[in-house]
Amino acid sequence: PSQPGLRLQKKLEENLSQLSSVTRLSTEVTSFQADHTGWLQSVQTDKLRIPGKRFLLATGQWIGRGLFVTPELSPKERIFGLPLQLPSSYTKDASDLFFELHTPCCFLDVRKKHPFFSLGLTVDERWRPLDQGRQPVFFNLLAAGSIVSNLPQQLPPSSSTAHLYQQGYEAANTAVNDLRKKKKNEETT
Numbered sequence: 003p004s005q006p007g008l009r010l011q012k013k014l015e016e017n018l019s020q021l022s023s024v025t026r027l028s029t030e031v032t033s034f035q036a037d038h039t040g041w042l043q044s045v046q047t048d049k050l051r052i053p054g055k056r057f058l059l060a061t062g063q064w065i066g067r068g069l070f071v072t073p074e075l076s077p078k079e080r081i082f083g084l085p086l087q088l089p090s091s092y093t094k095d096a097s098d099l100f101f102e103l104h105t106p107c108c109f110l111d112v113r114k115k116h117p118f119f120s121l122g123l124t125v126d127e128r129w130r131p132l133d134q135g136r137q138p139v140f141f142n143l144l145a146a147g148s149i150v151s152n153l154p155q156q157l158p159p160s161s162s163t164a165h166l167y168q169q170g171y172e173a174a175n176t177a178v179n180d181l182r183k184k185k186k187n188e189e190t191t
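If you count the sequence shown from 1, you need to add 2 to reach our numbering.
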C-alpha cells in the first residue's frame, strides 16, 4: 500500500481494536458467504473463514488486483463480482476498452485519458457498492480507494492521493461508527 494507505490502515486498526474487532488486512479473499437478505456473513481465504459485521473493500483497481479482465475480455471486480461503472462519457461496450488499449495512441499518457482506467464501483453516501438499479449489493460492505469510480455528491471528483485517503477515512469511519452504535445499544439493553 501507499504511505497514505499505511497511515489509514494503522488508524483503522487502532479504532477497531478498541471495539474488540478483529482485522485481517492484506489477506487474499477466495470466496464469500451472504444471506438472501443482502448481508455478507463471512469471507473465505485459503485457510480461514472470517465472519464479520462490516467489511471494507479497498483492493484498488488494476495494479492492486481488485479488478481483472475475464478470458471473454470483460472487466470484473475480483472478489464479489460487483458491477463496474464506466464513465458516462464512454458510449461503447466495456469489452471494447481492452481492445482500445492495444492501439499505439493509448500508450501515451494512458492512465489519465483512457476510460479503461476509470472503471470502478458506484457507491452510495454510506460507501456501499451499488448494483445496476442503484441499490446496495450488500448492506454491510463498504468500498474505498481507487476501486470507487462514482463518488458521493459531497466530494469533489479527484484521483489524488489526498482524495483517496479521504475516501478511505470516510468509509472506515462509517464502519467504526456503526460498530460503536451497535456496541452502545448492546450495553444499554
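Beta carbons are placed, not taken as given, at the ideal position from N, Cα and C, and that holds for glycine.
Backbone CA spacing between residue i and residue j [nearest angstrom]
| i | j | result |
| --- | --- | --- |
| residue 150 | residue 125 | 7 Å |
| residue 132 | residue 139 | 5 Å |
| residue 60 | residue 183 | 23 Å |
| residue 181 | residue 66 | 27 Å |
| residue 2 | residue 119 | Not covered by the structure: residue 2. The range shown for the chain is 3 to 191. |
| residue 80 | residue 52 | 18 Å |
| residue 189 | residue 19 | 18 Å |
| residue 186 | residue 179 | 10 Å |
| residue 147 | residue 77 | 18 Å |
| residue 41 | residue 84 | 14 Å |
| residue 173 | residue 127 | 9 Å |
| residue 30 | residue 176 | 23 Å |
| residue 17 | residue 58 | 14 Å |
| residue 64 | residue 122 | 10 Å |
| residue 50 | residue 142 | 20 Å |
| residue 33 | residue 54 | 14 Å |
| residue 158 | residue 82 | Legend: pLDDT at residue 158 = 47, less than 50; position of this residue unreliable, no value from coordinates given. |
| residue 37 | residue 134 | 20 Å |
Simplified DSSP state of residue i, which is helix, strand or coil
| i | result |
| --- | --- |
| residue 119 | helix |
| residue 36 | strand |
| residue 177 | helix |
| residue 246 | Nothing about residue 246 can be read from this structure; the chain reaches only from 3 to 191. |
| residue 148 | coil |
| residue 72 | coil |
| residue 61 | coil |
Per DSSP, cross-strand counterpart(s) of residue i
| i | result |
| --- | --- |
| residue 51 | 46 |
| residue 79 | 69 |
| residue 85 | Note: residue 85 sits in no beta bridge, so no partner. |
Status (buried if at least 16 other CB within 10 Å, exposed otherwise) for residue i
| i | result |
| --- | --- |
| residue 87 | buried |
| residue 73 | exposed |
| residue 136 | exposed |
| residue 8 | exposed |
| residue 35 | exposed |
| residue 229 | The structure shown does not extend to residue 229, since the chain is modelled only from 3 to 191, so the question has no answer here. |
| residue 12 | exposed |
| residue 75 | exposed |
Cβ-heavy atom distance, residue i to the ligand FMN, below 6 Å
| i | result |
| --- | --- |
| residue 77 | In the structure on display, the ligand FMN does not appear, and there are no ligands present to speak of. |
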